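Below: one structure, written as structure tokens.
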Amino acid sequence: MDYVAAIVLGVIQGITAWIPVSSKTQVLLAGNAFFNLSFAQAIAFALILHVGDLLAAAVKYYREYVEALQEFFLRPKKLADYSGGEKTVNARFLVASLVASVIAALPVYLGVKKIFTSISGEPLLALVGLILLVMAGILYRARRKPAAPLTLKTALLTGVAQALAVIPGISRSGITQSALLLQGVEPEKAIRLSFVMSLPLIVAAIIGFYLVEGGFAGWTAELALIGIIVSAIASWFTMDALTALARRVKPWWFVAAIGVLAMVPLALKLFLGD
Numbered sequence: 031m032d033y034v035a036a037i038v039l040g041v042i043q044g045i046t047a048w049i050p051v052s053s054k055t056q057v058l059l060a061g062n063a064f065f066n067l068s069f070a071q072a073i074a075f076a077l078i079l080h081v082g083d084l085l086a087a088a089v090k091y092y093r094e095y096v097e098a099l100q101e102f103f104l105r106p107k108k109l110a111d112y113s114g115g116e117k118t119v120n121a122r123f124l125v126a127s128l129v130a131s132v133i134a135a136l137p138v139y140l141g142v143k144k145i146f147t148s149i150s151g152e153p154l155l156a157l158v159g160l161i162l163l164v165m166a167g168i169l170y171r172a173r174r175k176p177a178a179p180l181t182l183k184t185a186l187l188t189g190v191a192q193a194l195a196v197i198p199g200i201s202r203s204g205i206t207q208s209a210l211l212l213q214g215v216e217p218e219k220a221i222r223l224s225f226v227m228s229l230p231l232i233v234a235a236i237i238g239f240y241l242v243e244g245g246f247a248g249w250t251a252e253l254a255l256i257g258i259i260v261s262a263i264a265s266w267f268t269m270d271a272l273t274a275l276a277r278r279v280k281p282w283w284f285v286a287a288i289g290v291l292a293m294v295p296l297a298l299k300l301f302l303g304d
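If you want it as structure tokens, here you go:
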């Protein structure tokens with residue numbers, strides 16, 4: 031693999047990490063189709079590229095992470111109280127959703143390993159997309175209704191939804207954005223919260239892969255660094271673009287667009303015959 035491959039795959043990872051398609055799947059497909067990478071090599075490089083996503087999210091949303099840590103360590107008894115200001119509520123949402131994700135991830139993984147051995151997550155994500163299209167119609171009919179506030183229930187349900195990303199083909203950003211939108215959270219806030227929730231899960235995925243596989247399939251530090259830098263840059267601009275889009279586009283249009291994108295992985299799978 032050469033520098034061109036590292037750059038191309040870095041761009042693919044940086045963009046698809048934040049939209050409702052599985053970024054690992056896209057890197058795997060592109061790596062195999064264009065650069066003749068094996069499954070193990072492509073998956074390992076996708077995990078390496080996640081470091082770029084992590085850096086972009088950490089820099090862009092570092093204040094949210096600091097506030098969440100403060101809430102967790104300094105005011106743990108108030109984590110269920112969502113009556114404060116927006117920053118406080120967002121920080122408590124982040125803590126509660128991540129706790130729910132961690133608790134739910136293991137049983138979901140074990141269930142997936144047992145039940146979904148021959149079934150990928152694309153159909154499930156497509157079903158979520160269909161639900162979002164229905165939701166878009168509901169939002170259009172009730173467009174003057176105020177957006178739903180964040181609650182402990184919202185945080186827990188979104189956290190459990192994020193745990194579903196262990197299912198092959200399920201996009202973490204897609205499933206969390208969908209969960210928030212379906213609970214009435216305004217699109218711009220849903221996008222931002224989905225981005226902020228990503229960092230701890232990315233760290234866990236990278237560490238978990240390294241411990242299980244014992245390394246990253248022999249990738250050189252030079253190629254890894256190039257891919258990470260490109261992925262971080264692409265991630266930064268993609269997050270900005272999606273946030274701006276959510277701010278400018280009508281909520282029901284945005285929800286419908288997310289719903290359509292959620293169906294793309296299944297459509298590609300059927301089209302490619304895999």
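Be aware that the sequence shown starts at 31, since it is given in our numbering, and climbs by one per residue. The C-beta atom is built at its ideal place from N, Cα and C for all residues, glycine as well. From a predicted model like this one, the values you see are computed outputs, not experimental measurements.
Rounded to the nearest angstrom, the gap between the Cα atoms of Q192 and D32 is 34 Å. For the options V96, P176, A134, the alpha carbon positioned closest to that of V196 is the one of A134. Secondary structure note for R278: its alpha helix (DSSP H) is the uninterrupted segment 251-278.
P230 sits in a helix when the DSSP states are folded into three classes. When the Cα atoms are used, I263 and A287 turn out to be separated by approximately 24 Å.
Between V34 and the set G61, W48, Y95, the nearest pair of CA atoms involves G61. Three or more beta-carbon pairs drawn from the segment 218-236 and the segment 202-210 are found closer than 8 Å, and the two stretches are therefore classed as touching. Counting only the Cα atoms, M269 lies some 24 Å from I237. CA-to-CA, the gap between A98 and F301 works out to about 43 Å.
DSSP places I42 in the uninterrupted alpha helix (DSSP H) bounded by 33-46. Listed in chain order, the non-local C-beta contacts of V290 below 8 Å within the same chain comprise G159, L163, local neighbours out to five positions each way being set aside.
The DSSP-derived three-state label of L291 is helix. Between the alpha carbons of L180 and F123 lies a gap of roughly 7 Å. For a cut-off of 8 Å, the C-beta gap from A156 to M293 is around 5 Å, short enough to register as a contact. Short of 6 Å from the beta carbon of A76, and not among the five residues preceding or following it, lie these beta carbons of its own chain, in chain order: K54, V57. Note that the C-beta distance between G204 and A178 is not below 9 Å.
In this structure, the alpha-carbon of L253 lies about 22 Å from that of F267. DSSP places E97 in the uninterrupted alpha helix (DSSP H) bounded by 92-104.
With fewer than 16 neighbouring CB atoms inside 10 Å of its own CB, F64 falls in the exposed class.
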